[in-house]
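*Asks:* Shown below is the structure under consideration.
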Amino acid sequence: MVWVINTQAHSPKVTRNAICEALRSDLISGKLDFDQPIREQKLAERFGTSRGPVRDALLRLTQEGALVYEANKGVRVISPLTDEERSVVAGMRLSLEKHCLSKFIKNMKKEDVHELTFLLERLTTACERASLPGVAECDLALHRYWVAQASSHLETMWLGLSVRMIMKYSRLTKYEDIAAEHKRIVEAVLEKDIEKALFYLGENVI
968 MVWVINTQAH SPKVTRNAIC EALRSDLISG KLDFDQPIRE QKLAERFGTS RGPVRDALLR
1028 LTQEGALVYE ANKGVRVISP LTDEERSVVA GMRLSLEKHC LSKFIKNMKK EDVHELTFLL
1088 ERLTTACERA SLPGVAECDL ALHRYWVAQA SSHLETMWLG LSVRMIMKYS RLTKYEDIAA
1148 EHKRIVEAVL EKDIEKALFY LGENVI
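For the sequence shown, this note's numbering assigns the number 968 to the initial residue and increments by one for each residue that follows.
In structure tokens:
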């Protein structure tokens, strides 16, 4: 499953989801700065919808921790994590993701093999192009796939933690290192080697 952003959807629920995906993309690619105010009306105009679905989307992203609401000020992008906070968030994300990845490997289907291969190819291509926004989005999409397949309930919690970690993505300057790290994880997953997959995941999520 690949998450496709459809900003023209007519269903309120789908529109809300599409807006969430688009704003997450803006957050992880750096298009939205830390502490930047978010205006409902501007977003409604951007997505060609009423303010209702926009408000719902902002509420969800606030619940996930990417945005924050302040009385008399409205919604803004969250402040950056301190090094100490990021370490705690990384540990929480890794714990959740290890559980989901183990479960995913045990129940992996044929179509999952094709999807993982496709997602890894997308990430590799983004790395070859040295596209920082593209790398950040493809990185998140690959990890999100096995989390979502394992547990839709944990996906929401994991997503909030991961978006916070990946905002202003800049951990590695060598894109080939990013591609290599994820190639090792995916190869271990396809081999159904849980121990190896979790080891490589632990090296990646820092």
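No residue lacks a Cβ here, since even glycine has one placed at the ideal position from N, Cα and C.
Keep in mind that this is a model prediction, so the values were computed, not measured.
Checking 9 Å against the spacing of the C-beta atoms, do E1007 and V1042 come in under that value?
*Replies:* The answer is yes: Cβ separation under 9 Å.
*Asks:* Mind checking which residues open and close the alpha helix (DSSP H) that includes V1114?
*Replies:* Its alpha helix (DSSP H) spans residues L1099 to A1117.
*Asks:* Do V1044 and L1157 have their beta-carbon atoms positioned less than 9 Å apart in this structure?
*Replies:* For L1157 and V1044, no; Cβs fall outside 9 Å.
*Asks:* Using 8 Å as the Cβ pair cut-off and three pairs as the minimum, do the region 1011-1025 and the region 1046-1054 touch?
*Replies:* Contact between the region 1011-1025 and the region 1046-1054 is absent, because fewer than three Cβ pairs lie under 8 Å.
*Asks:* Helix, strand or coil, according to DSSP, for L990 in the structure here?
*Replies:* In the structure shown, L990 sits in a helix (DSSP, three-state: H, G or I).
*Asks:* Hey, how far is the Cα of E1162 from the Cα of A1038?
*Replies:* When rounded, the distance between both Cα atoms is 47 Å.
*Asks:* Where does V1156 fall in DSSP's three states?
*Replies:* Helix.
*Asks:* I'd like the list of long-range same chain contacts for Y1036, defined as Cβ closer than 7 Å, with 5 residues on each side in sequence excluded.
*Replies:* T1029 and V1042.
*Asks:* What separation, rounded to the nearest whole angstrom, lies between the Cα atoms of R1151 and S996?
*Replies:* Spanning the two alpha carbons is a distance of roughly 24 Å.
*Asks:* Since L1165 and K1065 are thought to touch, with beta carbons under 8 Å apart, how far apart are those beta carbons, to the nearest angstrom?
*Replies:* Confirmed, Cβ separation roughly 5 Å.
*Asks:* Hey, M1132 and R1060: beta-carbon distance below 9 Å or not?
*Replies:* For M1132 and R1060, yes; Cβs fall inside 9 Å.
*Asks:* Opposite P1004 in the DSSP bridges: which residues?
*Replies:* Answer is R1043.
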